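A.B. asks: Protein chains in written order, with the UniProt record's numbering: chain A, 1 to 107; chain G, 1 to 107.
Cβ atoms here follow ideal geometry from the backbone N, Cα and C, with glycine treated the same way.
Remember, predicted model here, so these are calculated numbers, not experimental data.
The structure's right below; bear with me while I get my questions together.
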DNA sequence: TATATAGGCAACTAATTGGTTGCCTGTCAA
DNA sequence: TTGACAGGCAACCAATTAGTTGCCTATATA
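Here it is, written out as structure tokens:
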């Protein structure tokens, strides 16, 4: 679960979209995820493998199906240990204020 | 300043190290940054160009020198608008994950 | 059992990336 | 004015990556 693997996994828009899909509906199978991506099953499978390698997605076998679950822990770790250091001070306060004014939202 | 450019810029360990260097001492020139990286000047220059493209670094010409400054705004934006979404349901998701992953499994 | 379904593995291609070397421009200072 | 210094531009190379196609195994079900 190296930090580099997480950053690299997050660098691809297709993989971020996969995380978004799982965030919207957790536990989807490979074929279910394929239908939302304009890509072959094998293409999606490779991206999922990279997300698994970064521990951003964990899976569970259910018979012949494989359920994919989002694991937000590595993202939280990055936010805490790396991004936090660049957010300190005034910008952090502004971001917080902005969030409060916009109210709690998923987007 | 697309989000994709920021993610891609952050994906490389050399570029993250450059940001760390600027975080430690802001306004360094290209040659100053080169001395801390085991790389040619042109290699560092390319990385800096990518960071500039993502607006993570802004520059100021001073005669024949070019000072590089860290701009934390895009990082704050990512943390606020994207990572926050996955951190929000962090505890709930982890509990949910734990529950689902319990039970008989061949992994 | 036979067949359709869910997924895995491997090879291959095309594009991108990280890094190099070589040369050029612009600026400062003796 | 002349040389040294800071940086930019472009070509090039090796390694990685995104995506494909083809074939394979395993499981569920008519």
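#1: Given that residue 75 of chain A touches chain G, what residues does it touch there, using C-beta distances under 8 Å?
#2: Would you identify the three-state DSSP class for residue 59 of chain A, choosing helix, strand or coil?
#3: Could you compute how far the alpha carbon of residue 112 of chain A sits from the alpha carbon of residue 78 of chain A?
#4: Please compile the residues from chain G whose C-beta is within a distance smaller than 7 Å of the C-beta of residue 8 of chain A.
#5: Considering only their Cβ atoms, is the gap separating residue 11 of chain G from residue 122 of chain A smaller than 8 Å?
#6: Residues bridged to residue 70 of chain A by DSSP?
#7: Considering Cα atoms alone, identify which of G:56, G:39, G:62 and G:47 is closest to residue 86 of chain A.
#8: Would you mind telling me which residues of chain G sit closer than 7 Å to residue 47 of chain A, beta carbon to beta carbon, in chain order?
#9: Tell me which residues share the same chain as residue 59 of chain G and place their Cβ nearer than 6 Å to its Cβ, disregarding the 5 neighbours each side in the sequence.
#10: Output yes or no for whether 8 Å exceeds the beta carbon distance between residue 75 of chain G and residue 83 of chain A.
#11: Looking at residue 15 of chain G and residue 30 of chain G, is the spacing between their C-beta atoms short of 8 Å?
#12: If you follow the alpha helix (DSSP H) that residue 16 of chain A is part of, which residue opens it and which one closes it?
#13: Is the CB of residue 113 of chain G under 8 Å away from at least one CB in chain A?
#14: Let me confirm a value: residue 23 of chain G is counted as buried when at least 16 other C-beta atoms fall within 10 Å, else exposed. Which label applies?
#15: Sort out for me which residues DSSP pairs residue 65 of chain A with in a bridge.
#16: What is the rounded straight-line gap between the Cα of residue 44 of chain A and the Cα of residue 37 of chain G?
#17: Tell me, please, which residues DSSP counts as bridged to residue 28 of chain A.
#18: Measure the alpha-carbon distance for residue 61 of chain G versus residue 13 of chain G and round it to whole angstroms.
#19: Using a Cβ-Cβ distance under 8 Å, would residue 79 of chain A count as near chain G?
#20: Alpha carbons only, please: which of A:81, A:72, A:80 and A:25 is nearest the one belonging to residue 52 of chain A?
C.D. replies: In brief:
#1: 83, 86 and 87
#2: Under the three-state reduction of DSSP, residue 59 of chain A is assigned to strand.
#3: Because chain A spans 1 through 107 in this model, residue 112 of chain A falls outside it and cannot be assessed.
#4: 11
#5: In the structure as shown, chain A starts at 1 and stops at 107, and residue 122 of chain A therefore has no counterpart that could be examined.
#6: A:57
#7: G:56
#8: Correct list: empty, because the minimum Cβ distance to chain G is about 14 Å.
#9: 66 and 68
#10: yes
#11: no
#12: 13-24
#13: The structure shown does not extend to residue 113 of chain G, since chain G is modelled only from 1 to 107, so the question has no answer here.
#14: Of the residues assessed, residue 23 of chain G falls on the exposed side of the cut-off, its CB having fewer than 16 other CB atoms within 10 angstroms.
#15: A:62
#16: The C-alpha of residue 44 of chain A lies about 36 Å from the C-alpha of residue 37 of chain G.
#17: Residue 28 of chain A is bridged by DSSP to A:68.
#18: 26 Å
#19: At least one chain G Cβ lies under 8 Å of residue 79 of chain A.
#20: A:72
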